[in-house]
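Enquirer:
Here's what the structure looks like:
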């Protein structure tokens, strides 16, 4: 994925201009009150040679990791459906916005512990880390 800098008068471009063209996007992360927590980098990419899972299915460690991620996703959905657990996750999420968690992965760009900007991604990542540690 390439980074892009737009020249004046274009500041923002999203989507793709032609059917088989280049895709432009920039993610915006907001809290529960709609305030912007972070803005992602401007990204440009072309989806070339997508994998055909029927011809080349997952196997071995790739399949095991895929199953672990699926299990973490399903558990995160169940956690978000429980109001009591959502209170716990919301408090934990807001705390990590100030100080990253000790077991959070290190961001390669900054060398610091990762701070999550989305609550659902934070819950899923925490559950995934716990499942991987239990293996």
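Numbering (my numbering), first residue to last: 2 to 136. Positions of the beta carbon are idealized from the N, C-alpha and C atoms, including for glycine. If you're wondering where the values come from, they're calculated on a predicted model, not measured in any experiment.
Grab the span of the alpha helix (DSSP H) containing residue 92 for me, first residue to last.
Expert: Residues 84 to 99.
Enquirer: Rank 111, 35, 45 and 31 by C-alpha distance to the C-alpha of residue 23 and give the top, closest one.
Expert: The candidate whose alpha carbon is nearest that of residue 23 is 45.
Enquirer: Would you mind sorting residue 73 into buried or exposed? The rule is 16 or more other CB atoms within 10 Å of its CB.
Expert: The residue in question, residue 73, is buried, as its Cβ has 16 or more Cβ neighbours within 10 Å.
Enquirer: Rank 60, 37, 69 and 30 by C-alpha distance to the C-alpha of residue 134 and give the top, closest one.
Expert: Of the listed residues, the one whose Cα sits closest to residue 134 is 69.
Enquirer: Which residues does DSSP pair with residue 29 in a beta bridge?
Expert: Paired residue(s): 40.
Enquirer: Whose C-beta lies closer than 6 Å to the C-beta of residue 40 among residues of the same chain, with five residues either side of it excluded?
Expert: So the list reads 29, once near-sequence residues are dropped.
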